[in-house]
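Numbering (UniProt numbering), first residue to last: 1 to 180.
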């Protein structure tokens, strides 16, 4: 898929060694129940099986499906690249609280505060129009150039992996990419 490995909006940061022979690109949304399931249950297995051995590197790319996704990604960006994944993971782990809230903003603020983001920091983060424009452009690029219609979406060495039944299909695609 032309251009997938060289996105124009954000540069990838990888989990795993840059020299790993297989690259997994994951388009993910922090409010997507399937993304959360992958993040909590399947990702640790992939990291243990492939990343730890140097066979796989993973690039996570934001995909904005709604305003809560945008806020979470904006807060993660404001906390810095070194805390980006940790921030998104924290919000994912609290998704049930966010979804059940009558006022999601209050819950988002509470979760952000637990990570040291005060009210002013929260307000600054969600006012960053430049970053919001980049998020929207990255989502548009994913949709229009790479055919991402939902999350999570997986690409192994630039080839889309259709997940129909289970995330074992991602693992199978990684194993196949290693073999040849």
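C-beta: ideal position from N, C-alpha, C; glycine also.
Give me the Cα-Cα distance between residue i and residue j, rounded to the nearest whole angstrom.
i, j, result
"residue 95", "residue 31", "7 Å"
"residue 41", "residue 119", "33 Å"
"residue 7", "residue 160", "15 Å"
"residue 111", "residue 154", "28 Å"
"residue 82", "residue 179", "33 Å"
"residue 143", "residue 134", "14 Å"
"residue 78", "residue 125", "6 Å"
"residue 55", "residue 152", "22 Å"
"residue 86", "residue 140", "25 Å"
"residue 84", "residue 101", "24 Å"
"residue 114", "residue 80", "16 Å"
"residue 12", "residue 106", "31 Å"
"residue 150", "residue 90", "22 Å"
How about residue i and residue j: do their beta carbons lie closer than 8 Å?
i, j, result
"residue 75", "residue 14", "no"
"residue 163", "residue 27", "no"
"residue 51", "residue 72", "no"
"residue 9", "residue 59", "no"
"residue 62", "residue 137", "no"
"residue 175", "residue 157", "no"
"residue 65", "residue 29", "yes"
"residue 70", "residue 132", "yes"
"residue 68", "residue 127", "no"
By Cβ distance, which residues of its chain are closer than 8 Å to residue i, with the 5 residues on each side in sequence left out?
i, result
"residue 3", "145 and 146"
"residue 45", "171"
"residue 22", "50, 55, 56, 57, 156, 157, 174, 177 and 178"
"residue 99", "31"
Going by DSSP, which residues form a beta bridge with residue i?
i, result
"residue 62", "28"
"residue 160", "155"
"residue 23", "57"
"residue 91", "Answer is none; residue 91 lacks a bridge partner."
"residue 15", "58"
Got a sec? Which residues, its chain only, sit under 7 Å from residue i by beta carbon, not counting five neighbours each side?
i, result
"residue 173", "156 and 161"
"residue 18", "57"
"residue 33", "none"
Looking at chain C, is there any beta carbon in it that lies within less than 8 Å of the beta carbon of residue i?
i, result
"residue 99", "Given the protein chain composition of this structure (a single chain), no chain C is represented."
Report all residues from its chain with a CB closer than 6 Å to the CB of residue i; omit the five preceding and five following residues, and keep chain order.
i, result
"residue 39", "92"
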